[in-house]
Amino acid sequence: MSNRIVRGGLAAGLVLVGIGILFLIENLYAPFSAWRLLARAWPLIPVGIGIRRLWLHFTWRAEPDAPPAEGPAAPAPATRVRAAHPPSLLGALLWTGLGLLFLWHNLGGGPDVWRLAARWWPLLLILLGIGKIVDYRRRRRGVAVGAGEIIGILALVLLGSAVTRLERSPVREIVHNARFQVGSIPVQPGEWFGTSHTYTEEASYPQERVRPVRIENAYGSVSVLPGPDGEVSVRLGKVIYAPEEEAAALAAEIRLEGAPEGDRFVIRTNRGRLADPGARFHTNLEVRVPRTVRVEVQNAFGEIRAADLHGGLDLATTHRRIEVADSTGPFTLSARYGDTRLTNLSGDVRLDSRGKVFAENIRGNMTVKVEYSPVEIVRIGGALTLSGVDGRIRVEEVAGPAVIETRGATVTARGCRGGLRLTAGHAKASLADIDAGLAVDSRYGTLALKEIRGGVRIDSRSDRVDAEGIEGDFRMKGESSALRLVGIRGKADVETSLGELFVGDLEGAASLVNRRGGIRVSARDPLAALDIRNSGGNIDLTLPADARFTLAAQARNGNIAAGYPGLPAAVREGTATRLEARVGGGGAAIALATENGDIVIGGPARGNAPRTRGKVML
Numbered sequence: 069m070s071n072r073i074v075r076g077g078l079a080a081g082l083v084l085v086g087i088g089i090l091f092l093i094e095n096l097y098a099p100f101s102a103w104r105l106l107a108r109a110w111p112l113i114p115v116g117i118g119i120r121r122l123w124l125h126f127t128w129r130a131e132p133d134a135p136p137a138e139g140p141a142a143p144a145p146a147t148r149v150r151a152a153h154p155p156s157l158l159g160a161l162l163w164t165g166l167g168l169l170f171l172w173h174n175l176g177g178g179p180d181v182w183r184l185a186a187r188w189w190p191l192l193l194i195l196l197g198i199g200k201i202v203d204y205r206r207r208r209r210g211v212a213v214g215a216g217e218i219i220g221i222l223a224l225v226l227l228g229s230a231v232t233r234l235e236r237s238p239v240r241e242i243v244h245n246a247r248f249q250v251g252s253i254p255v256q257p258g259e260w261f262g263t264s265h266t267y268t269e270e271a272s273y274p275q276e277r278v279r280p281v282r283i284e285n286a287y288g289s290v291s292v293l294p295g296p297d298g299e300v301s302v303r304l305g306k307v308i309y310a311p312e313e314e315a316a317a318l319a320a321e322i323r324l325e326g327a328p329e330g331d332r333f334v335i336r337t338n339r340g341r342l343a344d345p346g347a348r349f350h351t352n353l354e355v356r357v358p359r360t361v362r363v364e365v366q367n368a369f370g371e372i373r374a375a376d377l378h379g380g381l382d383l384a385t386t387h388r389r390i391e392v393a394d395s396t397g398p399f400t401l402s403a404r405y406g407d408t409r410l411t412n413l414s415g416d417v418r419l420d421s422r423g424k425v426f427a428e429n430i431r432g433n434m435t436v437k438v439e440y441s442p443v444e445i446v447r448i449g450g451a452l453t454l455s456g457v458d459g460r461i462r463v464e465e466v467a468g469p470a471v472i473e474t475r476g477a478t479v480t481a482r483g484c485r486g487g488l489r490l491t492a493g494h495a496k497a498s499l500a501d502i503d504a505g506l507a508v509d510s511r512y513g514t515l516a517l518k519e520i521r522g523g524v525r526i527d528s529r530s531d532r533v534d535a536e537g538i539e540g541d542f543r544m545k546g547e548s549s550a551l552r553l554v555g556i557r558g559k560a561d562v563e564t565s566l567g568e569l570f571v572g573d574l575e576g577a578a579s580l581v582n583r584r585g586g587i588r589v590s591a592r593d594p595l596a597a598l599d600i601r602n603s604g605g606n607i608d609l610t611l612p613a614d615a616r617f618t619l620a621a622q623a624r625n626g627n628i629a630a631g632y633p634g635l636p637a638a639v640r641e642g643t644a645t646r647l648e649a650r651v652g653g654g655g656a657a658i659a660l661a662t663e664n665g666d667i668v669i670g671g672p673a674r675g676n677a678p679r680t681r682g683k684v685m686l
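Counting from 69, one number per residue, gives the positions in the sequence shown under the numbering used here.
Laid out in structure tokens, this is it:
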């Protein structure tokens, strides 16, 4: 028992040391987030537990019976007591399997485990029962899962899932952006604090001709503003964290440099050539340039601000934000691990970021590559291309075509006048007020579509789709996906499986196939051709009053209930039921077929199709 306690203490100590190192590195602004790493990699813990228990199960050996003692009993040496039975085989497989499923899902490539569990949880009861039966037949324990192990698995899975949800929630942003007070100074994690001294140096560089300006800096801010033509002026602020005498000596060593290099004028400091490269200081640059000059800024661990510049901007920094306003491009921006805020820009924008992005009033095309962090883009005058891994995405009022590619991000998009193409999964997407068509490729997500003009095309797997107010054709090819479609003015062409399929307020032709799932349809005038088929589940069709149609319905292993006025009784042929009829002199062709289910034909439909409460469930 004491050996077990010692080993447990050692493991706990190693875990605490590892977590502490991760958060220490994050606080020093290393290029990763400890929270993000924990939120995605926590399933490795149950995987490790499962692999260890598998190894212990297959290497366990029973203790041999001790021979009877002869003579006086000698004190037995201290030995490690072996467990009376091996760890549960099914328990080890559960630890490993669930861990791998959650890891696959957290990395963006697997199914929603909780949705999977909602359907397949009875398998757990079957496995538990099989384990008990096998142990009974073997007359010893080692296969069945104990109640304590089940509780442990569920507790760890719930805790890990909560960490993942927390990391993807706004709480992470609030904590990341929080400042704490050190005396009277607000400080973020990773910032230097303590006694500081500030020194200023100014310089002016006449420009005989217009040439691009390049600014190089590190550990300090760069502010670029418009100035008089024919001149570049610089104000250098040296903020040094050291005692006064030492700070004064270091300030004298830090110098501002400005000179032509090739076709550019370069401004930098001599930070890299100082005698003490580890000295703690910031160099904050305020640079004024002619309005129409192209500006390049290369910074690190410092923010960049630019405003009212009209020659194009090429800006790059790390770990701090970029802000650009009221300027003319083109713009090439890189903000690694820092936020970006863009307002009132004219020209094309290319942005590579691992921080929060906000863009508003961009009169041009915009290309954004972002990882992890939220994105908010409002009023784009051209095309938008946005690719990212996860975070929250909000896009509103895009004049040109919009393309959004993401895994695991919650997407809200409305007002895309040039159409929208979305690739997403593992999260919710709310899409509304889209012109020129919508194309969606989604996996394991929830889609809410409203007021889509120009048609819809969906490639889906294990999704929940709720669509309303569709003008144009609706095409969906799904696997294990559920659909609720209300108010379509066009043709509906849907193929899915397993999930419930409901189409209401249908005004047009429809081809609906749901393998191993039920289908409910409510049609309006004018009635058009309907082809509705499934291999398992019921078909429920509601038709408008005084409809004219030709019906061919067949339930191979079920019944047909004909409640619509004018329909004759169905004909029974062995296990199958068939109904063929012409109503109102014939008209639109309606074909209904199910392999294992019943068919119900009723009507008339009264007004709009009824809305289902809540979400369509798989």
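All C-beta atoms in this analysis are idealised placements derived from N, C-alpha and C, irrespective of residue type, glycine included.
Keep in mind that this is a model prediction, so the values were computed, not measured.
For the structure I just gave you, are there three or more beta carbon pairs, one from the region 443 to 463 and one from the region 422 to 433, closer than 8 Å?
Yes, the region 443 to 463 is in contact with the region 422 to 433.
Tell me whether SER252 is buried or exposed, calling it buried when 16 or more other Cβ atoms sit within 10 Å of its Cβ.
For SER252, the pLDDT reaches just 49, beneath the cut-off of 50, and the residue's location in the model is therefore unreliable, leaving the point undetermined.
Provide the residue span of the alpha helix (DSSP H) that contains HIS125, from first to last.
Start and end: 112 to 127.
Confirm, please, whether the CB-CB distance from VAL508 to ALA481 is below 8 Å.
Result no, Cβ atoms of ALA481 and VAL508 do not sit closer than 8 Å.
Quick check on ASP203: does DSSP put it in helix, strand or coil?
ASP203: helix per DSSP, three-state reduction.
For a test of your reading of the model: does the CB of GLY450 fall under 7 Å from any non-hydrogen atom of the ligand SAM? Yes or no.
With respect to the ligand SAM, the structure offers nothing, as it holds no ligand at all.
How would you write the range of the beta strand (DSSP E) that GLU314 sits in, first residue to last?
Where GLU314 is concerned, there is no enclosing beta strand (DSSP E), although the alpha helix (DSSP H) it sits in stretches over 312 to 321.
Go through the region 261 to 341 residue by residue and report every complete run of the alpha helix (DSSP H) that reaches 4 residues or more, in order.
As far as the region 261 to 341 is concerned, its whole alpha helix (DSSP H) runs of at least 4 residues are 312 to 321.
So if DSSP puts THR474 in a beta bridge, which residue, or which two residues, is it bridged to?
Per DSSP, GLY456.
Would GLU371 and ASP382 be called neighbours here (beta carbons separated by less than 8 Å)?
Not closer than 8 Å, so no.
For GLU465, name the three-state secondary structure that DSSP assigns.
Strand at GLU465.
For ASP501, I'd like the list of residues in its chain whose CB is within less than 6 Å of its CB, leaving aside the five on either flank, ordered along the chain.
Correct list, in chain order: ARG482, GLY483, GLU519.
Which first and last residues belong to the beta strand (DSSP E) in which ALA644 is found?
644 to 651 is the extent of the beta strand (DSSP E) around ALA644.
Helix or strand or just coil, what does DSSP make of PRO612?
If DSSP states are grouped into helix, strand and coil, PRO612 belongs with coil.
Could you compute how far the alpha carbon of GLU329 sits from the alpha carbon of ARG336?
Using only the alpha carbons, I get a separation of about 12 Å.
Would you kindly check if the distance between the Cβ of ALA620 and the Cβ of PRO636 is under 8 Å?
No, the Cβ-Cβ distance between PRO636 and ALA620 is not below 8 Å.
Do the region 593 to 602 and the region 566 to 583 meet, that is, are 3 or more Cβ pairs less than 8 Å apart?
As far as the Cβ criterion goes, the region 593 to 602 touches the region 566 to 583, which means the pair count is three or higher.
Return the bridge partner residues of GLU364 from the DSSP annotation.
Paired residue(s): ARG282, ASP382.
Just tell me which of GLU276, GLY298, ARG339 has its CA closest to the CA of LEU689.
The structure shown does not extend to residue 689, since the chain spans only 69 to 686, so no value can be given for it.
For VAL85 and GLY585, I'd like the C-alpha separation in whole angstroms.
Using only the alpha carbons, I get a separation of about 52 Å.
Around the C-beta of TRP163, are 16 or more other C-beta atoms found within 10 angstroms, so that it is buried, or is it exposed?
Result: buried.
DSSP on PRO442, reduced to helix/strand/coil?
Three-state result, PRO442: coil.
Verify whether the separation of the beta carbon atoms of GLY567 and GLY540 is less than 8 Å.
Against a cut-off of 8 Å, the Cβ pair of GLY540 and GLY567 comes out as no contact.
DSSP on ALA516, reduced to helix/strand/coil?
Correct three-state label for ALA516: strand.
Where does PHE349 land, buried or exposed, given buried means 16+ other C-beta within 10 angstroms?
Buried: at least 16 other Cβ atoms inside 10 Å.
What residue range is occupied by the uninterrupted alpha helix (DSSP H) comprising GLY167?
Residues 157 to 174.
Quick one: Cα of ALA698 to Cα of ARG616, how far?
Only positions 69 to 686 of the chain appear in the structure, and residue 698 is not among them; the question remains open.
How many angstroms separate the CA atom of ARG646 from the CA atom of GLU663?
Taking the straight line joining both Cα atoms gives about 12 Å.
What does DSSP give as the partner residue(s) for ASN582 in the beta ladder?
In the DSSP output, where bridge partners are listed per residue, ASN582 has THR564, ASN602.
For LEU595, which option in GLY572, ASN606, GLY604, GLY605 has the closest C-alpha, if you only look at C-alpha atoms?
Closest by alpha carbon: GLY572.
Where HIS494 and VAL479 are concerned, what is the direct C-alpha to C-alpha distance, given to the nearest angstrom?
Their Cα atoms are separated by approximately 11 Å.
In the DSSP assignment, find the beta strand (DSSP E) that holds ARG61 and state where it starts and stops.
This structure does not reach residue 61, given that the chain is present from 69 up to 686, and the question cannot be answered.
Taking 8 Å as the limit between beta carbons, can you name the residues of its chain near ASP666, skipping five residues before and five after?
Cβ within range, chain order: ASN606, ILE607, ALA623, GLY626, ASN627, ILE628, ALA629.
For GLY456 and VAL438, which I take to be in contact (beta-carbon distance under 8 Å), what is that distance rounded to the nearest angstrom?
Rounded, the Cβ-Cβ distance is 4 Å, consistent with contact.
According to DSSP, which residues form a beta bridge with LYS545?
LYS545 pairs with ASP527, GLU563.
Between ASP531 and GLY546, how many whole angstroms is the CB-CB distance? I'm expecting something under 8 Å.
Their Cβ separation, rounded to whole angstroms, is 7 Å, which keeps ASP531 and GLY546 in contact under 8 Å.
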